[in-house]
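Residue numbering for the sequence shown follows my numbering, beginning at 4 and increasing consecutively. Note that the Cβ used here is the ideal one computed from N, Cα and C, for glycine as well. Just below is one structure, and these are the notes that go with it.
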Amino acid sequence: MIILGIETSCDETAVSILRVSGDKNTPNIKVLGNTVMSQIKLHEKYGGVFPMMAKREHAKNLIPILEKTLSEAGLFKKADKKTALDDTKLNIILEREPELLKTFLELIPTIERPNIDAIAVTYGPGLEPALWVGINFAKVLSAVWNIPVIPINHMEGHIMSAILPEIKNTESEIKVRDIEFPALALLISGGHTELILVKSFGEYEILGQTRDDAIGEAYDKVARMLELPYPGGPKISELAEKERVEKTPERPFVLPRPMIHSNDLDFSFAGLKTAVLYAIKKISGELTEKTKQQIAKEFEDAVTEVLVSKTRKAMEKFEVKNLIVGGGVIANKFIRKNLKDLISEFQNTTILLPETGMSGDNALMIALAGYFDTTYTKNGLKKEDFRASGNLKLN
Ligand code: KG4
Ligand code: ZN
4 MIILGIETSC
14 DETAVSILRV
24 SGDKNTPNIK
34 VLGNTVMSQI
44 KLHEKYGGVF
54 PMMAKREHAK
64 NLIPILEKTL
74 SEAGLFKKAD
84 KKTALDDTKL
94 NIILEREPEL
104 LKTFLELIPT
114 IERPNIDAIA
124 VTYGPGLEPA
134 LWVGINFAKV
144 LSAVWNIPVI
154 PINHMEGHIM
164 SAILPEIKNT
174 ESEIKVRDIE
184 FPALALLISG
194 GHTELILVKS
204 FGEYEILGQT
214 RDDAIGEAYD
224 KVARMLELPY
234 PGGPKISELA
244 EKERVEKTPE
254 RPFVLPRPMI
264 HSNDLDFSFA
274 GLKTAVLYAI
284 KKISGELTEK
294 TKQQIAKEFE
304 DAVTEVLVSK
314 TRKAMEKFEV
324 KNLIVGGGVI
334 ANKFIRKNLK
344 DLISEFQNTT
354 ILLPETGMSG
364 DNALMIALAG
374 YFDTTYTKNG
384 LKKEDFRASG
394 NLKLN
């Protein structure tokens, strides 16, 4: 089965083509094509993602990215003659994306229908204007090529990212990692901080989640307070690491570990962010590089301790076979190390972490989620009339 994955929920425009074959639970995959185009540079000056600009950029870039990815996959073939398309239907679907419609009509009728069996597209959670572009793109491709569309939950995609094997090249077929159920998923991204019980493919239960800010959001907001560029995660972790190496003898900043002792599995990071703000306000004069390092380290220690403590609590309560971690924040080396150390306390549990480059948003994880969806959803492929759902939940 060949699946085209499309991801536009936030500030990455991503398209992938994945071939999946073999065993149902641990299939072999071959990455035929994979492109991620980041808009970070454009959003940087706003200190965060500007939704309407994200939407515009997705609309501008989807066709060129699709062309590139099809070529990489060897699925791009010019047609002998231009195909006549039903413009009315396309006009209705892409009514709000005139630029995408224009580039679509310039390319798609001139190429042959590629050998693709299904289109998997993120329909939530995320920024609705951005999600709609990807969804409508999937719908027009589906209409023209007569390929079914599978709507995918972005967070399910992040779970899938942890079982994607290391992809060294696009030549070889590799087995995906096995998930042993029940598993616990810790999802940590710019929009989410969640502990999820994964009972089987497609069967989830939210055990705990953030009551206010997501962990990545806290990183990004603290970074802004420290006058660091967006996105803040990588920069804060770099400063924190420097501070760990330099080892300041005293601990000049002490930040809270919110909800670390609460009995539930929820999180809260808004208070921590405010505590950083007060700490900065107390500093007289300029924020030096050293002070930034010290705050960054204390902040990272605080969020890591909370994550580890809540994950431990969940693992003690539910005897899980795997701990799956997904989401942009798991690119963080310190958090990775601390979660690996935590796992060593549990003899019967192994950890599944995304490979480098797979923790952030990408379309391979969406395509793989599409495969499991077609394999495990009783009704088979889903209907095409679905909508963007900004607050979509996993359950
Ligand atoms: O999953 P993702 O790419 O997008 C969402 O779905 O939200 O996650 C983006 C988040 C941003 O908040 C970014 O600051 C954070 O992941 N991030 C990190 C690191 N790299 C990215 N946070 C901490 N440490 C990192 N190394
Ligand atoms: Zn994400």
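Just to confirm before moving on: does the CB-CB distance between Pro128 and Gly393 stay below 8 angstroms?
Mapped onto the sequence shown, residue 128 falls at position 125. Mapped onto the sequence shown, residue 393 falls at position 390. Yes, the pair counts as a contact, with Cβ atoms nearer than the cut-off.
Cross-strand partners of Thr16 (DSSP beta bridge)
Locating residue 16 in the sequence shown gives position 13, where the first residue counts as 1. Answer is Met40.
Val225: beta carbon under 7 angstroms from a heavy atom of the ligand KG4?
Along the sequence shown, one-based indexing puts residue 225 at 222. Outside the cutoff, so no.
Going along the chain, which unbroken runs of the beta strand (DSSP E) with 3 or more residues stay wholly within the stretch 229-308?
none
Please classify Ala146: does DSSP put it in a helix, a strand, or coil?
Position 143 of the sequence shown, counting from 1, holds the residue named residue 146. Looking at Ala146 - three-state DSSP - the assignment turns out to be helix.
Which residues in the same chain have their Cβ closer than 7 angstroms to the Cβ of Phe397, if we skip the five residues on either side of it in sequence?
Mapped onto the sequence shown, residue 397 falls at position 394. Just to set this straight, residue 397 is Leu in the shown sequence, not Phe. Result list for Leu397: Asn156, Met158, Glu159, Ile199, Tyr207, Ile209, in chain order.
With a threshold of 8 angstroms, are at least 3 pairs of Cβ atoms found where one atom belongs to the stretch 268-278 and the other to the stretch 305-320?
yes
Please find out if some non-hydrogen atom of the ligand ZN comes closer than 7 angstroms to the beta-carbon of Asp364.
By 1-based counting over the sequence shown, the position of residue 364 is 361. At least one heavy atom of the ligand ZN is nearer than 7 angstroms to the Cβ of Asp364, so yes.
When the Cα of Glu303 is compared with those of Gly235, Asp388, Ile369, which residue comes out closest?
Sequence index remark: in the sequence shown, residue 303 carries index 300 (1-based). That would be Gly235, whose Cα lies nearest to the Cα of Glu303.
Residues in the same chain with beta-carbon distance under 8 angstroms from Ser145, minus the five sequence neighbours each way, listed in chain order, please.
Taking the first residue of the sequence shown as 1, we reach residue 145 at position 142. If the five residues before and after Ser145 are omitted, its C-beta is found closer than 8 angstroms to the C-beta atoms of Ile122, Pro151, Val152, Glu387, all from its own chain and listed in chain order.
Taking the Cβ atom as the reference point for each residue, do Asn351 and Lys313 lie within a distance shorter than 8 angstroms?
As a working mapping, residue 351 is identified with position 348 in the sequence shown. As a working mapping, residue 313 is identified with position 310 in the sequence shown. Result no, Cβ atoms of Asn351 and Lys313 do not sit closer than 8 angstroms.
Once you ignore the five residues that flank Glu100 on each side, which residues in its own chain have a CB closer than 7 angstroms to its CB?
Stepping through the sequence shown from its first residue, residue 100 is reached at position 97. Once the five neighbours on either side are set aside, the close Cβ partners of Glu100 are Ala62, Val136, Asn139.
How many angstroms separate the CA atom of Ile191 from the CA atom of Lys81?
As a working note, residue 191 is residue 188 in the sequence shown. As a working note, residue 81 is residue 78 in the sequence shown. Inter-residue distance for Ile191 and Lys81 is about 42 angstroms (C-alpha atoms, whole angstroms).
Looking only at its own chain, which residues have a Cβ that is under 7 angstroms from the Cβ of Lys401, when we skip the five neighbours before and after it?
Outside the modelled stretch of the chain, which goes from 4 to 398, sits residue 401, for which no answer is possible.
Taking a contact to mean a Cβ-Cβ separation below 8 angstroms, would you say Ser19 touches Thr72 in this structure?
Locating residue 19 in the sequence shown gives position 16, where the first residue counts as 1. Locating residue 72 in the sequence shown gives position 69, where the first residue counts as 1. In this structure, Thr72 lies closer than 8 angstroms to Ser19 by Cβ.
Are the CB atoms of Cys13 and Val39 nearer to each other than 8 angstroms?
Translated into positions along the sequence shown, residue 13 becomes position 10. Translated into positions along the sequence shown, residue 39 becomes position 36. Not in contact: Cys13 and Val39 (Cβ atoms no closer than 8 angstroms).
Measuring only the C-alpha atoms, how far is Ile170 from Lys33?
Walking along the sequence shown from the start, residue 170 turns up at place 167. Walking along the sequence shown from the start, residue 33 turns up at place 30. If you take the alpha carbons of Ile170 and Lys33, they lie about 9 angstroms apart.
Quick check on Ala188: does DSSP put it in helix, strand or coil?
For the purposes of this step, residue 188 is taken as residue 185 along the sequence shown, with counting starting at 1. Three-state DSSP puts Ala188 in a strand.
CB of Ala334 within 8 angstroms of CB of Gly363, strictly:
Position 331 of the sequence shown, counted from the start, is the residue given in the question as residue 334. Position 360 of the sequence shown, counted from the start, is the residue given in the question as residue 363. Taking 8 angstroms as the Cβ cut-off, Ala334 and Gly363 qualify as a contacting pair.
DSSP puts Ala123 in a beta bridge; with which residues?
As a working mapping, residue 123 is identified with position 120 in the sequence shown. Gly8, Ile153.
Report yes if the C-beta of Gly274 is less than 7 angstroms from at least one heavy atom of the ligand ZN; otherwise report no.
Within the sequence shown, residue 274 is the residue found at index 271, counting from 1. Outside the cutoff, so no.
Does the beta-carbon of His161, which I'm using as the reference point, lie nearer than 7 angstroms to any heavy atom of the ligand ZN?
Position 158 of the sequence shown holds residue 161. Yes, the Cβ of His161 comes within 7 angstroms of a heavy atom of the ligand ZN.
State yes or no: is the C-beta of Ala243 nearer than 7 angstroms to some heavy atom of the ligand KG4?
Position 240 of the sequence shown, counted from the first residue, corresponds to residue 243. Every heavy atom of the ligand KG4 is 7 angstroms or more from the Cβ of Ala243, so no.
At a threshold of 7 angstroms, does Ser192 count as lining the ligand ZN (C-beta to nearest heavy atom)?
The sequence position of residue 192 within the sequence shown is 189, counting from 1. Indeed, a heavy atom of the ligand ZN lies less than 7 angstroms from the Cβ.
Is the separation between the beta-carbon of Ile369 and that of Ile162 shorter than 8 angstroms?
Position 366 of the sequence shown, counted from the first residue, corresponds to residue 369. Position 159 of the sequence shown, counted from the first residue, corresponds to residue 162. No.
Determine the closest residue to Ala461 out of Gly331, Tyr222, Gly330, Glu176, with distance taken between C-alpha atoms.
As shown, the chain starts at 4 and ends at 398. That puts residue 461 outside it, with no answer to give.
Any heavy atom of the ligand KG4 within a distance shorter than 7 angstroms of the CB on Gly330?
The count along the sequence shown starts at 1 and reaches residue 330 at position 327. Correct: Gly330 has its Cβ closer than 7 angstroms to the ligand KG4.
Taking Arg59 as the reference, give the member of Ser175, Pro132, Lys44 with the closest Cα.
By 1-based counting over the sequence shown, the position of residue 59 is 56. Answer by Cα proximity: Pro132.
Classify Thr353 as helix, strand or coil using the three-state DSSP reduction.
Reading the sequence shown from its first residue, position 350 is the one you call residue 353. Thr353: strand per DSSP, three-state reduction.
Selected residue, minimal CA-CA separation from Pro185, among Leu367, Glu322, Ile166
Reading the sequence shown from its first residue, position 182 is the one you call residue 185. Among Leu367, Glu322, Ile166, the Cα nearest to that of Pro185 belongs to Glu322.
Within 10 Å of its beta-carbon, does Ile43 have 16 or more other beta-carbons around it, so buried, or fewer, so exposed?
Along the sequence shown, one-based indexing puts residue 43 at 40. Only exposed fits Ile43, as fewer than 16 other CB atoms lie within 10 angstroms of its CB.
When you compare only the Cα positions, how much space is there between Lys295 and Phe256?
Counted from its first residue, the sequence shown places residue 295 at position 292. Counted from its first residue, the sequence shown places residue 256 at position 253. A straight line joining the alpha-carbon of Lys295 with that of Phe256 spans about 11 angstroms.
Pairwise C-alpha distance: Ala87 and Asn94:
Here residue 94 corresponds to residue number 91 of the sequence shown, with the count starting at 1. Here residue 87 corresponds to residue number 84 of the sequence shown, with the count starting at 1. Approximately 14 angstroms between the Cα atoms of the pair.
Using 10 angstroms around the beta-carbon of Asn118, count the other beta-carbons present and answer buried if the total reaches 16, otherwise exposed.
By 1-based counting over the sequence shown, the position of residue 118 is 115. Exposed, by the Cβ-count rule.
What residue does the beta strand (DSSP E) around Thr402 start on, and which one ends it?
The chain is shown from 4 up to 398; residue 402 falls before or after that span and cannot be answered.
C-alpha gap between Leu167 and Gly330, whole angstroms:
In the sequence shown, residue 167 corresponds to position 164, counting from 1. In the sequence shown, residue 330 corresponds to position 327, counting from 1. Their Cα atoms are separated by approximately 13 angstroms.
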